[in-house]
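Chains as they are written, first to last, in this note's numbering: chain A, 11 to 265; chain B, 10 to 420; chain C, -7 to 450.
Notes follow the structure.
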Amino acid sequence: MGILAAVNSVYWHEFFFMLFAGISVVFAVCVLLTQNIVRMAFYLVLSLGSTAGLFFLAGAEFVGAMQLMIYVGGTLVLLIFGVMLTAQQRYIKMNTHPTDWVLATIVGGSLLVLLIGAATGVDSWKDASASTKALTTLDADDARTATPLGLALTGVRVDKLDTDSALTNGQSGYLLPFIIVSVHLLVVLIGAAYMARTKRSATAPVGRAERARLNIMQMEHETDDVVYSASKQSSSSLLNSGQDQAEESTDEAEE
Amino acid sequence: MSTKVDDPRIIEFDVRTDEMLINMGPQHPSTHGVLRLILRTDGEIVSEVEPHLGYLHRCAEKIGENLTPRQWVPYTDRMDYLAGMNMNLGWALVVEKLLEHDLPEKARHLRVVISEMGRIASHLVGMGAYGLDLGTFSPFLYAFREREKILDLFEKACGARLTYSYLTPGGATGDLPPGWVDECRDFLAQFKPCIPEFHELLTNNQIFISRTAGIGVMSAATAISYGCTGPVLRGSGVPYDLRFNGEERYTEMYEGYQFDVIVQDPETGKYPDPHLEEFDDDLDYPEIPKEAILGDCWHRFYVRMLEVVQAIRLVEQALDKYESASGDWGQPIKLTQKLPKGEAYLETEAPRGQMGFYLVSTGDSIPWRVRARSSCFCNLSVTSELCRGTLLADVPAIVGSLDVVMGEIDR
Amino acid sequence: MRGSLVSTGASTVTEFISQNIFGLDDPNWFMYLLCGVIAAVLVLHVIAVGALFFIWAERKIAGRIQDRLGPTRVGGKFGWLQTLADGVKLIAKEDFVPRDADAPLFKVAPYIAFAASFAAFLALPFADGAVAHQVNTAVFFVLAVLGLEVFGVILAGYASGSKWSLFGAMREAAQVVSYEVPLGMCVVIPVFVAGTMNLTTIGEMQAGWFNNWLVFHDPFTFIAAIVYFTCATASVNRAPFDLAEAESELVAGFHTEYSGLRWSFFFMAEYGSMFLVSALASILFFGGWHPPIPIDIWILEAFADPDLVAAGPLKDAVPSLVTFLVMLIGIATLVAKSVIGVIVMMWVRWTFPRLRIDQVMATCLKYCVPIAAVCFVGSMTWETLDLPSMNTINRYEVHEDWSEDLAVSTAGQDEVDPDLPEDENYDDESSDVMDGEEAPIEEDSVAVQNGLLLQEGE
């Protein structure tokens, strides 16, 4: 049948690759073309999600799951948080100047040329069907289990076990970079926790129970007359704070 | 409403860019009736709360200027509709005070039975709805299951489940039907073992404690200065209960009964034990958790729980006294009874606080002015003070602990 | 022909369809797509029928806990078809989008939440061989995809254009993301006890009597199972952690503006996630698809051909019909365990009040994370010191191709080389791979009988 021949002519791996790559590229282009900043973030989610699909297609399940967990589930969540919280009326639309477009085209275009040159310059990648078949007959567990990856990160390169030097010279795999990155992340975590702490000023709100006890202690020392003057004081403090806020608002209005 | 720009207490004015004005209500599953709360918040911490009332105003007091006192009794039902019997009692007493009408003994004991059963019914709603505010649905239904039985008893007594108009000036509209006393005793016998269930689900529950202990702490001075009454006041440690400290015409109703003021003893830090011998010995009253501060939501809730137990005790005593008393149930006064010239004011200890009724008469059968002093109105006014600086999720916890009913506030 | 995309079972089905129906030798992309669609539809039915059942169960259980009956009219005395009636009602509702809402995002948000919940089912094995796609890093994959559900919530809250929805969405996102940390820590514990992230393998390791379940491995895994369940309840936003849906506080949180079918998608996603985390708990801690009494092993042994038993895994020694039957028993057991987990979540919901957001965060950071960390260290110590355990799991045997190379290359080495990294010194008696011989097969080890020791690459 003609249809069957047409369908058969596309190798299944190519079809799914086209699908995922197409989604990635289309949504990446949408990120460029839209002006609504929340939608930009959302299209980025879809684009990076289908990149994870590309990883799964290549057999790298661990990296694909990493992509989903770290990129999409971590970085983009953060991005969407930031975008969503600040996207009030004024800030939703992102207006780009024409000069921005020119600059972006130059930079992006040169990167694109570089990538295409690199992709077409490798001889072993030129034979499309053979390489994809080779990819799909990859039945070694190396590509798909996390154990060799984990062992490599802790020092043992199990893909190099056939060379004696690997075992006798104590080749350390990726242990040093792993430790460095771990310490780095710890430093970043501590720094972030420090920067995000609640800052205690002189009039900072104390804990609730503490405030309650202070309240009780303060109130117990008042007499009946003071109750009345205390209510006058609180209303006058409201007046003062109201005036302060009025001044602030007029300042903001002037700006 | 008209606002002046330089009046700082109008919070719609001048909201900062990081703050929001959020409207909670009037239709809202959490507020107890049609209460509108305007919150100024930055998303989590509430900096200002302003209650807006009046959504349930039905001009009851104005209508009272056109009806005789006995005709006005149904309007009192609809004020605190969850404790209708106690509202009726307050009005009946003030009319009798003006008329200087005395009741037979049986009528007095009947009133104690009915008003204390009404107190149990009202606190069941208050407690159940408080659990509902905090997100637990089951205690609400258990409380209503028990309340249904009380309402069945009331229906047998007067024909109505919610708007009774039973206790009228002069006594009551009719006697309790035969067998009612035994049914009431049966109800109490099966209700007592249910109380530990409620303690398990709410009072002792760690999540409930962390949602209510230390929240909305109100000192005794604040409570007094805002005019709070009832469990709200006693939860802050002020030993004031109108059944002891009130007017004679009211306290003589409770003469001969053994009961305590439910308030924390400042020295021992304990609440009075209702000494119910019929309870098993292994039913312990819940200990006060260490996170609870006197005057917080947990204490107000606890006072209500203990008041229920004390009300059971009072009902049991009253049933015995009712059965052995002489006289009749108190025939109501005439429908068009002429009121003497003068005025009378009487406050009673309703389940939600001190409910006062004021009657001014110019000698006619129709009063010249009728006024209801709502207990919840003053209780609600302390909301803006208590909710300042709390988290958004604490606002329903605080309002729920005040146990307000909008019908009484708006009248 | 082997493909890296499709699992063994599906490729068999694909080949079957393409050879017999379409007359091709090699399946083309259309066959694979068709097979994928069939697998997806089957998984979708798990969620949809599961939601149907769970909504009915929730209403009945809620009713019984609250001293009332629940639905009793639609579909007979027990109200079986109540959910269907509700579904019909929801479909018939007016489809509106609020004026201030961002319409495309508003419309797509429920489907994202549902898609995340659904995608995680792809790697979940219902029995040995009954899995949509055999992912070797299944645990990791499931956790990664579960974390994507928060997108649906955030977009729903934002796109509704209302302050209340935004509040609910922010709080829920913060909660889910925070609870991923102790959840991950609790999940890592059975992973390192079992030595693999493959859910099928972890399930198979717990074959036999219930003492072989990983929850009974040591006291720390027991505590970790409880902490896992708590964190799982929090990460699917069930009470007492359900602020996002807190009816009495924020009306309905992030899905205030949703009605009709869109709302029901959120709830299908929620029930799907509940089922998923319960199923994950069952596989990781509670024996997976093996019943507490090893009925399935007995059936396999009863029908095993004695000649074939010694030559390979037990499953290959029985007729395929028996294997299929045992697979069905496995599926039923796993589903039963997951349903029990979901019912426990419902039970907790209707009993306890709700925690405030700061209390939720405090529970996560002050209680769950330290306890999970302590359990991690404790469990690891227990494993390393090889302390007695109720399980018969053998962790140190690695069953992948490159480890065979290791055995071959070090044949003849008598001593342990001190320069080798620690992992290579398999000096405990449970593994003799270093000696160049084959690993001694313990005849009575259930792991042997299930083909664990002689597992070929998949």
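By construction, the Cβ of each residue, glycine as well, lies at the ideal position given by its N, Cα and C atoms.
None of the values given here were measured: they were computed from a predicted structure.
Which residue's Cα is closest to the Cα of residue 60 of chain A: A:131, A:186, A:120, A:34? What you label residue 60 of chain A is simply residue 50 of the first sequence in a count that begins at 1. Taking each of A:131, A:186, A:120, A:34 in turn and checking the Cα distance to residue 60 of chain A, the smallest one comes out for A:34.
Classification of residue 75 of chain B by the beta-carbon crowding that lies within 10 angstroms, buried from 16 upward: Here residue 75 of chain B refers to the residue found at position 66 when the second sequence is read from its first residue. That one is exposed.
Under a Cβ-count criterion, where at least 16 other Cβ atoms within 10 Å of its own Cβ denotes burial, should residue 204 of chain A be classed as buried or exposed? Here residue 204 of chain A corresponds to residue number 194 of the first sequence, with the count starting at 1. The residue in question, residue 204 of chain A, is exposed, as its Cβ has fewer than 16 Cβ neighbours within 10 Å.
Just to confirm my understanding: we take residue 378 of chain B, look at its own chain, exclude 5 residues before and 5 after, and list those with CB closer than 7 Å. What are they? Working through the second sequence from its first residue, we reach residue 378 of chain B at position 369. The residues 74, 369, in chain order, have a CB closer than 7 Å to that of residue 378 of chain B in the same chain once the five nearest residues on each side in sequence are set aside.
Candidates B:210, B:275, B:232, B:276: which alpha carbon is nearest residue 384 of chain B's? Working through the second sequence from its first residue, we reach residue 384 of chain B at position 375. The shortest Cα separation from residue 384 of chain B among B:210, B:275, B:232, B:276 belongs to B:232.
Would you check if the stretch 102 to 114 of chain B and the stretch 194 to 205 of chain B touch, i.e. whether three or more CB-CB distances between them fall below 8 Å? These segments do not touch.
Look at residue 115 of chain B and residue 381 of chain B and say whether their C-beta atoms are less than 7 Å apart. Locating residue 115 of chain B in the second sequence gives position 106, where the first residue counts as 1. Locating residue 381 of chain B in the second sequence gives position 372, where the first residue counts as 1. In this structure, residue 381 of chain B does not lie closer than 7 Å to residue 115 of chain B by Cβ.
Simplified DSSP assignment, three categories, for residue 296 of chain B: Your numbering for residue 296 of chain B matches position 287 in the second sequence. Coil at residue 296 of chain B, not helix or strand.
Contacting residues, own chain, Cβ-Cβ under 8 Å from residue 126 of chain B (five flanking each side not counted): The count along the second sequence starts at 1 and reaches residue 126 of chain B at position 117. Correct list, in chain order: 94, 159, 162, 163, 193, 320, 324.
Which residues does DSSP list as the beta-bridge partners of residue 28 of chain A? Counted from its first residue, the first sequence places residue 28 of chain A at position 18. Per DSSP, residue 28 of chain A has no beta-bridge partner at all.
C-beta contact flag for residue 410 of chain B and residue 58 of chain C at 7 Å: Working through the second sequence from its first residue, we reach residue 410 of chain B at position 401. Working through the third sequence from its first residue, we reach residue 58 of chain C at position 66. Note that the C-beta distance between residue 410 of chain B and residue 58 of chain C is not below 7 Å.
Check the Cβ of residue 49 of chain A against every Cβ in chain C and list those closer than 9 Å, keeping chain order. The count along the first sequence starts at 1 and reaches residue 49 of chain A at position 39. Those are 94, 96, 97, listed as they occur along chain C.
How big is the Cα-Cα spacing for residue 248 of chain B and residue 399 of chain B? To locate residue 248 of chain B, count along the second sequence from 1; it is residue 239. To locate residue 399 of chain B, count along the second sequence from 1; it is residue 390. Each residue's CA atom was taken as its position, placing residue 248 of chain B and residue 399 of chain B some 28 Å apart.
Tell me which same chain residues have a C-beta within less than 8 Å of the C-beta of residue 397 of chain B, skipping the five on either side of it? Sequence index remark: in the second sequence, residue 397 of chain B carries index 388 (1-based). Same-chain partners within the cutoff: 55, 56, 57, 58.
Counted within 10 angstroms of its Cβ, other Cβ atoms place residue 52 of chain C as buried (16 or more) or exposed: Within the third sequence, the letter at position 60 stands for residue 52 of chain C. It counts as buried.
Does the distance from the C-beta atom of residue 183 of chain B to that of residue 341 of chain B stay below 7 Å? Residue 183 of chain B sits at position 174 when you count from the first residue of the second sequence. Residue 341 of chain B sits at position 332 when you count from the first residue of the second sequence. No. Outside cutoff.
Using a Cβ cut-off of 8 Å, pull out every chain A residue sitting near residue 357 of chain C, in sequence order please. Numbered from its first residue, the third sequence carries residue 357 of chain C at position 365. Those within 8 Å of residue 357 of chain C in chain A number zero; the least Cβ separation is about 11 Å.
My guess is that residue 135 of chain C and residue 68 of chain C are in contact by the Cβ rule of under 8 Å, so how many angstroms apart are they, rounded? As a working note, residue 135 of chain C is residue 143 in the third sequence. As a working note, residue 68 of chain C is residue 76 in the third sequence. The beta-carbon separation of residue 135 of chain C and residue 68 of chain C, rounded to 40 Å, does not stay under the 8 Å limit for a contact.
In this structure, what does DSSP give as the bridge partners for residue 29 of chain B? Taking the first residue of the second sequence as 1, we reach residue 29 of chain B at position 20. For residue 29 of chain B, the beta-bridge partners assigned by DSSP are B:50.
How long is the line joining the alpha carbons of residue 273 of chain C and residue 142 of chain C, rounded to whole angstroms? Residue mapping note: residue 273 of chain C aligns to position 281 of the third sequence, counting from 1. Residue mapping note: residue 142 of chain C aligns to position 150 of the third sequence, counting from 1. Rounded to the nearest angstrom, the two C-alpha atoms are 21 Å apart.
Since residue 367 of chain C contacts residue 170 of chain C with CB under 8 Å, what's their CB separation in whole angstroms? Counting from one through the third sequence, the residue named residue 367 of chain C turns up at place 375. Counting from one through the third sequence, the residue named residue 170 of chain C turns up at place 178. Contact flag wrong, Cβ pair sits at about 18 Å.
Looking at residue 82 of chain A and residue 48 of chain A, is the spacing between their C-beta atoms short of 7 Å? In the first sequence, the residue the question calls residue 48 of chain A occupies position 38. In the first sequence, the residue the question calls residue 82 of chain A occupies position 72. Result no, Cβ atoms of residue 48 of chain A and residue 82 of chain A do not sit closer than 7 Å.
Minimum Cβ-Cβ distance from residue 289 of chain C to chain B less than 7 Å: Stepping through the third sequence from its first residue, residue 289 of chain C is reached at position 297. No, because no Cβ of chain B sits closer than 7 Å to the Cβ of residue 289 of chain C.
Spell out the partners DSSP gives residue 378 of chain B in its beta bridges. Taking the second sequence and counting its residues from 1, the one referred to as residue 378 of chain B is at position 369. For residue 378 of chain B, the beta-bridge partners assigned by DSSP are B:369.
What residue does the alpha helix (DSSP H) around residue 134 of chain B start on, and which one ends it? Sequence index remark: in the second sequence, residue 134 of chain B carries index 125 (1-based). Here the alpha helix (DSSP H) through residue 134 of chain B covers 114 to 143.
Does any C-beta atom of chain C lie closer than 7 Å to the C-beta of residue 73 of chain A? As a working note, residue 73 of chain A is residue 63 in the first sequence. No, because no Cβ of chain C sits closer than 7 Å to the Cβ of residue 73 of chain A.
Expected contact under 8 Å - CB spacing of residue 3 of chain A and residue 101 of chain C to nearest Å: The structure shown does not extend to residue 3 of chain A, since chain A spans only 11 to 265, so no value can be given for it.
Contacting residues, own chain, Cβ-Cβ under 8 Å from residue 407 of chain B (five flanking each side not counted): As a working mapping, residue 407 of chain B is identified with position 398 in the second sequence. Scanning its chain for C-beta atoms nearer than 8 Å, with the 5 sequence neighbours on each side dropped, one finds around residue 407 of chain B the residues 224, 225, 306, 392, 395, 396, 399, in chain order.
Residue 438 of chain C to residue 199 of chain C, Cα distance in whole Å? As a working note, residue 438 of chain C is residue 446 in the third sequence. As a working note, residue 199 of chain C is residue 207 in the third sequence. The pLDDT assigned to residue 438 of chain C is 42, lower than 50, so where the model puts this residue is not dependable; a value taken from the coordinates is nonetheless given after this. Going by C-alpha positions, residue 438 of chain C is about 6 Å away from residue 199 of chain C.
Residues, ordered as in the chain, of the stretch 148 to 172 of chain B that lie near chain C by beta-carbon distance below 7 Å: Going along the stretch 148 to 172 of chain B in chain order, one finds 150, 151, 154 with a Cβ nearer than 7 Å to chain C.
In the DSSP assignment, what residue or residues form a beta bridge with residue 60 of chain B? Residue numbering aside, residue 60 of chain B sits at position 51 when the second sequence is read from its first letter. Beta-bridge pairing links residue 60 of chain B to B:46.
Out of curiosity, what's the CA-to-CA distance linking residue 46 of chain B and residue 25 of chain A? On the second sequence, position 37 is the one that residue 46 of chain B refers to. On the first sequence, position 15 is the one that residue 25 of chain A refers to. One C-alpha to the other measures close to 59 Å.
Compare the Cα-Cα distances from residue 376 of chain C to each of C:352, C:327, C:287, C:187 and report the closest residue. Within the third sequence, residue 376 of chain C is the residue found at index 384, counting from 1. Out of C:352, C:327, C:287, C:187, C:187 has the C-alpha closest to the C-alpha of residue 376 of chain C.
Where do the ends of the alpha helix (DSSP H) carrying residue 345 of chain B lie? Taking the first residue of the second sequence as 1, we reach residue 345 of chain B at position 336. Going by DSSP, residue 345 of chain B is part of no alpha helix (DSSP H) at all; its letter is neither H nor E.
Using DSSP bridges, identify the partner residues of residue 356 of chain B. Against the second sequence, residue 356 of chain B aligns to sequence position 347. Answer is B:365, bridged to residue 356 of chain B.
Runs of beta strand (DSSP E) wholly within the stretch 148 to 186 of chain B (minimum 3 residues, chain order): None, since the stretch 148 to 186 of chain B contains no complete beta strand (DSSP E) of that length.
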